[in-house]
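Residue numbers for the sequence shown follow the UniProt record's numbering, so the first one is 1 and each next one is one higher.
For reference, the structure is listed below as structure tokens.
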Amino acid sequence: METKYKRIIIKLSGEALSGKVGFGIDPPTVQRICESVKEVFEQDVEIAIVVGGGNFWRGRFGEGMDKSTADYMGMLSTVINALALQDVLEQMGVPVRVQTAIEMKEVAEPYIRRKAVRHLEKKRVVIFAAGTGNPFFTTDTTAALRAAEVDAEMILLAKSVDAVYDSDPEVNPDAKKYDRLTYIDVINQGLKVMDSTAITLCMDNKIPILVFGLDQPENILKAVRGETIGTIIEEAE
Ligand code: GTP
Numbered sequence: 001m002e003t004k005y006k007r008i009i010i011k012l013s014g015e016a017l018s019g020k021v022g023f024g025i026d027p028p029t030v031q032r033i034c035e036s037v038k039e040v041f042e043q044d045v046e047i048a049i050v051v052g053g054g055n056f057w058r059g060r061f062g063e064g065m066d067k068s069t070a071d072y073m074g075m076l077s078t079v080i081n082a083l084a085l086q087d088v089l090e091q092m093g094v095p096v097r098v099q100t101a102i103e104m105k106e107v108a109e110p111y112i113r114r115k116a117v118r119h120l121e122k123k124r125v126v127i128f129a130a131g132t133g134n135p136f137f138t139t140d141t142t143a144a145l146r147a148a149e150v151d152a153e154m155i156l157l158a159k160s161v162d163a164v165y166d167s168d169p170e171v172n173p174d175a176k177k178y179d180r181l182t183y184i185d186v187i188n189q190g191l192k193v194m195d196s197t198a199i200t201l202c203m204d205n206k207i208p209i210l211v212f213g214l215d216q217p218e219n220i221l222k223a224v225r226g227e228t229i230g231t232i233i234e235e236a237e
């Protein structure tokens with residue numbers, strides 16, 4: 001089976017791992033996601049995963065807290081998710097290396113770009129944890145940054161909705177779904193797909209973003225085959 005892409009970044013929100021429970025890690029949900037990742041891996045696609053941590057903590061939960069401290073707590077929560085994904089993927093026979101942007105050598109490798117690229121070339125799934133290692137940056141920005149650093153061809157942005165709409169489809173039944181947007185459209189229309197730092201980083205480095213719903217994890221495979229799903233965000237033609 002031909003795939004359109006050879007090296008991709010999959011951005012998984014922390015919430016995606018909590019399933020219907022809505023907090024923490026829901027093992028059957030993680031199992032389902034990992035099965036889809038495995039299917040893509042078996043198509044000879046090099047996969048790096050950037051995982052969020054919102055199922056445990058978000059920087060913005062820390063109202064009244066020091067913003068940097070709240071963000072560091074969020075970065076640490078992504079490490080829990082990375083280890084959970086590593087464990088399940090490895091049990092499925094998929095080789096995985098976790099790299100953390102904040103050094104914690106006892107737990108995982110530190111982030112070293114050249115080593116990450118080598119792991120990908122050696123057909124290991126690389127999970128990037130602890131965000132960029134800096135407060136004030138989101139894990140979406142991490143996905144954009146790592147995609148640029150490891151030369152990934154695209155970012156698969158897994159969401160709880162199946163595409164980008166002009167308004168919230170759960171609130172507005174007439175919400176219009178977009179099949180394709182440019183980076184500038186997203187910025188100008190204030191569409192809440194990614195934060196503006198992440199989207200401009202993708203724009204500057206010409207990294208397409210495919211937004212799709214993870215409620216059907218097989219969407220990941222469809223996306224790498226180039227099937228039309230979700231919303232593609234790319235350069236103007
Ligand atoms: P190659 O050098 O390409 O063979 O890669 P490799 O990852 O198999 O070799 P390496 O000897 O670097 O790593 C062996 C195992 O140790 C892998 O599971 C790594 O993820 C892990 N590992 C490597 N460096 C560190 C580290 O600094 N901390 C932790 N906790 N694990 C590490």
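All residues carry an ideal CB built from backbone N, CA and C; glycine is no exception.
Computed from a predicted model, the values in this text were never measured in an experiment.
- Burial check for Arg-113: the Cβ neighbour count within 10 Å stays below 16, so the residue is exposed.
- Within the model, the alpha-carbon separation for Lys-159 versus Met-194 is close to 11 Å.
- The way I'd put it, the segment 57-72 doesn't touch the segment 144-156; fewer than three beta-carbon pairs between them come closer than 8 Å.
- A check of alpha carbon separations from Leu-201 across Val-186, Glu-63, Asp-162 and Asp-215 identifies Val-186 as the nearest.
- Between the C-alpha atoms of Tyr-111 and Gln-99 there is a straight-line separation of about 5 Å.
- Contact check for Ile-10 and Val-37: beta-carbon distance about 7 Å, within the 8 Å limit, so the pair qualifies.
- The beta carbon of Gln-86 sits closer than 7 Å to the beta carbons of Val-96, Val-98 and Ile-127 from its chain, once the five residues preceding and following it are set aside; these are given in chain order.
- The beta carbon of Leu-221 sits closer than 7 Å to those of Ser-36, Glu-39 and Val-40, all from its chain and outside the five residues before and after it, given in chain order.
- Beta-bridge pairing by DSSP links Phe-128 to Val-50 and Gln-99.
- Proximity to Ile-207 across Glu-235, Glu-2 and Lys-192 peaks at Glu-235, based on C-alpha coordinates.
- The segment 133-143 and the segment 63-74 touch, with no fewer than 3 CB-CB distances between them shorter than 8 Å.
- The closest CA to that of Gly-22, considering only Gly-54, Ile-47 and Met-104, is found on Gly-54.
- A direct Cα-to-Cα measurement between Leu-12 and Pro-217 gives close to 11 Å.
- At least one heavy atom of ligand 1 is found less than 7 Å from the C-beta of Ala-108.
- Closest option to Thr-228, judged by alpha-carbon separation, among Thr-69, Glu-237 and Ala-163: Ala-163.
- Distances from the alpha-carbon of Gly-230 to those of Ala-198, Ile-155 and Pro-173 put Ile-155 closest.
- The three-state secondary structure of Gly-213, taken from DSSP, is strand.
- Within the chosen limit of 7 Å, ligand 1 reaches the beta carbon of Arg-118 through at least one heavy atom.
- In this structure Asp-140 is buried. Its beta-carbon is surrounded by 16 or more other beta-carbon atoms within 10 angstroms.
- For Tyr-72, the three-state secondary structure derived from DSSP is helix.
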